[in-house]
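In what follows, a single structure is set out as structure tokens and then discussed.
Number of protein chains: 2
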Amino acid sequence: MHTIEDEVLSALNLRRDGVPIYVQIREQILALIAAGRLPAGARMPTMRQVAVALRVDLNTVRHAYDDLQNLGAVVLRRGLGSFVTERVGPADGAPATPDPVDPLDPLARRVLAEVREAGLDPLAVAERLVRLATSRKGDEP
Amino acid sequence: MHTIEDEVLSALNLRRDGVPIYVQIREQILALIAAGRLPAGARMPTMRQVAVALRVDLNTVRHAYDDLQNLGAVVLRRGLGSFVTERVGPADGAPATPDPVDPLDPLARRVLAEVREAGLDPLAVAERLVRLATSRKGDEP
DNA sequence: TCTATTGTATGCATATATTCATACAGTGCG
DNA sequence: CGCACTGTATGAATATATGCATACAATAGA
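Those protein sequences? They're chains U and B, same order as listed.
The first sequence begins at 14 in my numbering and counts up one residue at a time.
The second sequence begins at 14 in my numbering and counts up one residue at a time.
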């Protein structure tokens, strides 16, 4: 069987485009959380597990995990492991989920910002996205 | 009036998320080229212009521009300036545009990869993108 | 209590990123 | 030619990222 931790481990992969390793780990885990693939309360892969899987140093993974904790995305507990926070963000006086927010909202918003930054039409990109998604079905076995 | 260079300059902006400055410049310019906002043959902003606009060092901008040249995206000419390459990529024996490729294809493909990496449904993201785009019209004045 | 697991921490070495200052080398133009 | 502009280059200084080794501290469970 595969646990959530294993799923996360296999989802992580590093590029060589100049982006620091710890930033890549941080962003990828944030994306997994935003996607609901790492639900609130879920146990994260061990720092050492990630270090071994990605073949990077323990301190490098820690850098990423520290960032995640400072962002309020996870909580680190010595001797226990790391766990996804119940709700991301400061969470002040806002009531529980005023609007049934889509779990893919964060990613969608990021994409929207990126599209606008590039000066493109979001609708056109969405259309293109649909065409690409429906045409190339068998990409990753 | 505003030239293409000025448009590019105002489109560039830096984050403070740990991603190296030269990588941010490189990726943002690549996005502008992919979006057609920097057409083939167009003159790029001067390295010094970018350095002043972003308040970074000339060598940092050069790092980005060097990467862009190594990627084949631009050509640097001493005394003249930097210019967008006619066609991005090695361009071997492939005939001219076998399929009328969308100018937003690169971005769309990147988004698709990101969505799949996050374990989300591309169609759902596309829908969400449309809803976000159509609901919040007045974001950037 | 003992032990394995896990986060926390330190010191040293190396590589890269960034800034600052300065200079050199093509290019077009008056 | 001489000048202004633009890419190219170098050296020193500082900060950060990464790896490697090692150790400490808290937790759960046998």
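Ideal Cβ placement from N, Cα and C applies to all residues, glycine included.
**Report entry** Listed by chain order, chain U residues near G85(B) by CB distance under 8 Å
**Finding:** Residue numbering aside, residue 85(B) sits at position 72 when the second sequence is read from its first letter. Those do not exist, as G85(B) stays about 16 Å from chain U at its closest Cβ, beyond 8 Å.
Query raised in the report: Name the chain U residues that come within less than 7 Å of V32(B), Cβ to Cβ?
Result: In the second sequence, residue 32(B) corresponds to position 19, counting from 1. Going along chain U in sequence order, the residues near V32(B) (Cβ under 7 Å) are V32 and V36.
Query raised in the report: Below 8 Å between beta carbons: does that hold for V63(U) and L93(U)?
Result: As a working mapping, residue 63(U) is identified with position 50 in the first sequence. As a working mapping, residue 93(U) is identified with position 80 in the first sequence. With contacts defined by Cβ atoms closer than 8 Å, V63(U) and L93(U) do not form a contacting pair.
Query raised in the report: Around the C-beta of A53(B), are 16 or more other C-beta atoms found within 10 angstroms, so that it is buried, or is it exposed?
Result: Numbered from 1 along the second sequence, position 40 holds the residue referred to as residue 53(B). Under this definition A53(B) is an exposed residue.
Query raised in the report: Cβ of L45(U) within 8 Å of Cβ of I34(U)?
Result: Here residue 45(U) is taken as the residue at index 32 of the first sequence, counted from 1. Here residue 34(U) is taken as the residue at index 21 of the first sequence, counted from 1. Cβ distance not < 8 Å, so L45(U) and I34(U) don't count as in contact.
Requested in this report: Identify every residue that forms a DSSP beta bridge with V87(U).
Outcome: Within the first sequence, the letter at position 74 stands for residue 87(U). DSSP lists V97(U) as partners of V87(U).
Query raised in the report: When burial is assigned at 16 or more other CB atoms within 10 Å of the CB, is S95(B) buried or exposed?
Result: Position 82 of the second sequence, counted from the start, is the residue given in the question as residue 95(B). S95(B) sits buried, since 16 or more C-beta atoms from the chains shown fall within 10 Å of its C-beta.
Query - Test item: CB-CB of R39(U) and A77(U) under 8 Å - result: As a working note, residue 39(U) is residue 26 in the first sequence. As a working note, residue 77(U) is residue 64 in the first sequence. Against a cut-off of 8 Å, the Cβ pair of A77(U) and R39(U) comes out as a contact.
Query raised in the report: Tell me which same chain residues have a C-beta within less than 8 Å of the C-beta of E20(U), skipping the five on either side of it?
Result: One-based indexing of the first sequence puts residue 20(U) at position 7. Counting only Cβ-Cβ distances below 8 Å, and skipping sequence neighbours, we find R50.
Report task. Kindly indicate the opening and closing residues of the alpha helix (DSSP H) around M60(U). Result -> Reading the first sequence from its first residue, position 47 is the one you call residue 60(U). M60 to L67 is the extent of the alpha helix (DSSP H) around M60(U).
**Report entry** Residues near A86(B) by beta carbon distance below 8 Å, same chain, minus five either side
**Finding:** Counted from its first residue, the second sequence places residue 86(B) at position 73. Excluding residues within five positions, the ones whose Cβ falls inside 8 Å are I42, L43, I46, V97, T98 and V101.
**Report entry** Contact under 8 Å by Cβ, V32(B) with V69(U)
**Finding:** If you number the second sequence from 1, residue 32(B) lands on position 19. If you number the first sequence from 1, residue 69(U) lands on position 56. For V32(B) and V69(U), no; Cβs fall outside 8 Å.
Report task. Look at A22(B) and P58(B) and say whether their C-beta atoms are less than 8 Å apart. Result -> On the second sequence, position 9 is the one that residue 22(B) refers to. On the second sequence, position 45 is the one that residue 58(B) refers to. Looking at the sequence itself, residue 22(B) is Leu, so the reference to Ala does not match. In contact: L22(B) and P58(B) (Cβ atoms closer than 8 Å).
Report task. Taking L89(U) as the reference, give the member of D30(U), A55(U), V36(U) and T16(U) with the closest Cα. Result -> Within the first sequence, the letter at position 76 stands for residue 89(U). A55(U) is the residue among D30(U), A55(U), V36(U) and T16(U) whose C-alpha sits nearest the C-alpha of L89(U).
**Report entry** Reduced DSSP category for R75(B) - H, G, I as helix; E, B as strand; rest coil
**Finding:** The residue you call residue 75(B) lines up with position 62 of the second sequence. Looking at R75(B) - three-state DSSP - the assignment turns out to be helix.
**Report entry** Burial state of D80(U) (16 or more Cβ within 10 Å)
**Finding:** Here the question's residue 80(U) lines up with position 67 in the first sequence. Answer is buried; the Cβ neighbour count reaches 16.
Report task. For Q2(U), collect the residues of the same chain with a Cβ closer than 7 Å to its Cβ; drop the 5 residues on either side in sequence, then sort them by chain order. Result -> Nothing can be reported for residue 2(U): it is not among the residues displayed for chain U, which extend from 14 to 154.
Requested in this report: Enumerate in chain order the residues of its own chain whose CB-to-CB distance from R75(U) is below 7 Å, with the five nearest sequence positions on each side excluded.
Outcome: For this step, residue 75(U) is matched to residue 62 along the first sequence. For R75(U), where only same-chain residues beyond five positions count, the Cβ hits under 7 Å are M60.
Query raised in the report: Where does the unbroken alpha helix (DSSP H) through R39(B) begin, and where does it stop?
Result: Locating residue 39(B) in the second sequence gives position 26, where the first residue counts as 1. From DSSP, the alpha helix (DSSP H) with R39(B) extends over I34 to A47.
Query raised in the report: Expressed to the nearest angstrom, what Euclidean distance is found between the alpha-carbon atoms of L67(U) and T73(B)?
Result: As a first step, residue 67(U) must be located in the first sequence, where it is residue number 54. As a first step, residue 73(B) must be located in the second sequence, where it is residue number 60. Spanning the two alpha carbons is a distance of roughly 29 Å.
**Report entry** Terminal residues of the alpha helix (DSSP H) in which D19(U) lies
**Finding:** As a position in the first sequence, residue 19(U) is number 6, starting the count at 1. Per DSSP, the unbroken alpha helix (DSSP H) holding D19(U) starts and ends at I17 to A24.
Query raised in the report: For L71(U), which residues from the same chain have a beta carbon less than 8 Å from its beta carbon, with the 5 sequence-adjacent residues on both sides left out?
Result: On the first sequence, residue 71(U) is found 58 positions in, with the first residue counted as 1. Listed in chain order, the non-local C-beta contacts of L71(U) below 8 Å within the same chain comprise M60, R61 and A64, local neighbours out to five positions each way being set aside.
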